[in-house]
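Reviewing the structure listed below.
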Amino acid sequence: MTAANEHFVSLEKSLECPVATVLIVDDDPENLEVMRTIFRDTSCRIKTSVSAEMALQDIEKELPDLMLIDTRMPGMDGYELCRCLKAKERTRHFPVLFISPTDLPHDKLRAFEVGALDFITKPYQEEELLVRVRTHLLLYCFYHGILNRNVQLAQARDVLTERLDTLSRTQSLLIESEKMAAAGRLLAGVSHEIRNPLNFICTLADLSVNLLEEMDEALSGRAQDGPFLPPPIDAMRMLSHNCDEISNNCRRAAGVVDTMLEHSVRNRESVQQTDINHVLELAVQQTWSDSSHVDESAVFVELNQHLNNDLPKLSLNRDSLLQVLKNILHNAFDAMTEKQETIGVQYRPQLTLSTLVQDPWVEIRIHDNGIGMDSTLTKRVFEPFLTTKAPDRGKGVGLSLAYEMVQKDLNGEILVESESGEYAEFVVRLPLAEPETLLH
Amino acid sequence: MSKYLHWNPKISLGIGQIDLEHQTFVEIINELDEVRKQPELLYRSLLALMKYAAFHFQSEENIMYRIDYPDIEHHQDLHIRLMEQLNNRMIQLNRGDLDIDQFLVFLKKWYVEHTTKADHKILDYLISSGRGVGGF
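Residue numbers (our numbering), protein chains in the order written: chain D, 1 to 440; chain F, 441 to 576.
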């Protein structure tokens, strides 16, 4: 017994089993006494009851860790007692072992049917009883450990879920603020574009006013001396030219306003038949005006276009597509700017735009020969807040925003291929099928 | 060497099978007495005692069943009690809470009590029911 005892003690220690309370139910007091003595050398705390009814009362006050029940008792027998215990949430978890004076198979089956975990027949040997009880106590302790672990895991999971929610909300907020910043950049770019023509208009108008004054003086013969006065014909030609220029600049400004209106007035959620090539061109224009405002030493980019003129019109959220393409183009311009800063004047920046049909997609490919990315960066390029740029140049959500918009708003895919120092090619895929059919 | 327990013909029931088993029981008890100082043999004899008791009770119950003994259930309960008592005493003997002499005293009393009282009632029944004792 010593070796077995040592084995149990070490297992009990490693599972950190507390002192177990064993409740023994038997109508014969002598049986109870003998079983008590059997457990004398263990650390178990023994309680006894002479009837099932009394055992139930005792359990009301204190739950045992294991019960040993005699199957044959007057009044409620062991099977009935077990059934009672297993029927209630509070009492159904601890192990129940039966001790039976009969070893009929039918009795054993019945025992397991009512939920007992073990069946010891009389006459039994002391060691057998001890080993079985301790084994079940260990199992119960283990089971408890698992239950506790599950509770802890559930709590940890709840905490993590909450944190994830917070992170997710923060990300959304940041993406929103980036969208607003993008709008701000657009506005700044547009304002600059309008200020230019307005400046010209002002200057031309002032010049014209001066000319008219001079003409007036000349015609009224008031000017005797002073600077050289142009003959009236020349003056009128100059005036005419000024007016033309004023017109042109007005048109130019109006064009810029139209661009801005196109961008913001439309309902952002609207899905409409869209000419992809047109949106791509618009994106290039707008990105160019944004960039040239930001950096006056903007690169001169050679633009190659391979646009499929037979592209079908797609029914999608046009504003989302525009934003996506602008974000990619913005990235491309930055990449080319960076390469120019590294290499210098020998570098010829080239941007190649292609649109094509690749069933089941329409593909838009934006290829720049800028600074490129290594494989690590390529894999992570759509992650939010990932930026290789200086803080004043970008917060790093542009591409992740583009990714989100392609996935969610456009039901498409976005891919990238790149070689560090050489190029980057972004591919936006848009489904040929109607978005509605994809949703259902 | 005198035997611990002697078979008393007076307690024979006249039921061949049962009497035979009772006699065997006496021999087992006597064997225990003989080997009391030899732990290994004692242990083995105790195992035999336990197994034979279990067998005998079953055998006796089978006969009671065959003869439609009315008191069979009560008698079965007695057998269960007997088995529990025997088991308890053996555990105590094993633990050293009881010595072999005390155990043998118990065993003798245990055996004699049951065979002279409870088992004898079977004979009374056979006679009173007019079944006669032959054939077993």
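Heads up, the beta-carbon is just placed ideally off N, CA and C, and yes, glycines get one too. Owing to the predicted nature of the structure, the values given are computational and were not obtained by experimental measurement.
Host beta strand (DSSP E) of residue i (start-end)
i	result
D:Lys47	Arg45 to Ser49
D:Met67	Leu66 to Asp70
F:Ser569	Where F:Ser569 is concerned, there is no enclosing beta strand (DSSP E), given that its DSSP letter is neither H nor E.
D:Ile371	Looking at the DSSP string, D:Ile371 is not in any beta strand (DSSP E), and its letter there is neither H nor E.
D:Glu511	Since the displayed chain D opens at 1 and closes at 440, residue 511 of chain D lies outside it and no answer follows.
Residue i vs residue j beta-carbon contact at 8 Å
i	j	result
D:Glu12	D:Leu138	yes
F:Met523	F:Ala558	no
D:Ala254	D:Asn327	no
D:Met73	D:Ser51	yes
F:Leu547	F:Ile469	yes
D:Ile371	D:Lys339	yes
D:Thr378	D:Asn304	no
D:Ile38	F:Ile531	yes
D:Ser315	D:Val362	no
Local conformation of residue i per DSSP, three classes
i	result
D:Ser100	strand
D:Glu341	helix
F:Ser452	coil
F:Tyr483	helix
D:Gln407	helix
D:Arg237	helix
D:Phe300	coil
D:Ile366	strand
D:Ala4	helix
D:Pro391	Residue confidence is low: D:Pro391 scores 47 on pLDDT, short of 50, so the model does not pin down where it sits. Its coordinate-derived value is still stated next. In the structure shown, D:Pro391 sits in coil (DSSP, three-state: anything other than H, G, I, E or B).
D:Tyr79	helix
D:Asp465	Only positions 1 to 440 of chain D appear in the structure, and residue 465 of chain D is not among them; the question remains open.
D:Pro74	coil
D:Tyr347	coil
D:Phe94	coil
D:Arg441	Any question about residue 441 of chain D goes unanswered here, given that chain D covers just 1 to 440.
D:Asn317	strand
D:Pro431	strand
D:Trp441	Nothing about residue 441 of chain D can be reported from this structure: the residues present for chain D run from 1 to 440 only.
Range covered by the alpha helix (DSSP H) that runs through residue i
i	result
D:Ala183	Glu126 to Leu219
D:Pro105	Pro105 to Glu113
F:Leu518	Ile512 to Arg535
F:Asp541	Ile540 to Glu553
D:Ser375	Ser375 to Arg380
Buried/exposed call for residue i, threshold 16 Cβ in 10 Å
i	result
D:Cys202	exposed
D:Thr355	buried
D:Tyr423	buried
F:Gly536	exposed
D:Cys17	buried
D:Val406	buried
D:Asp103	exposed
D:Val34	buried
D:Val284	buried
D:Gly189	buried
D:Ala332	buried
Below-8 Å beta-carbon distance, residue i vs any chain C residue
i	result
F:Asn448	Absent here is chain C; the protein component of the structure consists of chains D and F.
For the stretch 37-52 of chain D against the stretch 4-22 of chain D, are there 3 or more C-beta pairs whose distance is under 8 Å?
yes
For the 8 Å Cβ check, are there 3 or more pairs between the stretch 111-120 of chain D and the stretch 148-155 of chain D? no
| said: Whether or not the stretch 14-32 of chain D and the stretch 55-65 of chain D are in contact is what I'm after, with contact meaning three or more pairs of Cβ atoms, one per stretch, closer than 8 Å; do they touch? | reply: yes
Determine contact between the stretch 232-239 of chain D and the stretch 275-291 of chain D, defined as no fewer than three beta-carbon pairs at a distance below 8 Å.
-> no
Note to self: I want to know whether the stretch 443-462 of chain F touches the stretch 357-371 of chain D - three or more CB-CB distances under 8 Å.
What the structure shows: no
Tell me, please, whether the stretch 99-114 of chain D touches the stretch 73-89 of chain D by the rule of three or more beta-carbon pairs shorter than 8 Å.
yes
**Asked** Per the contact definition of three or more C-beta pairs closer than 8 Å, is the stretch 306-313 of chain D in contact with the stretch 333-349 of chain D?
**Response** no
- Contact between the stretch 498-517 of chain F and the stretch 560-567 of chain F: three or more CB pairs below 8 Å? yes
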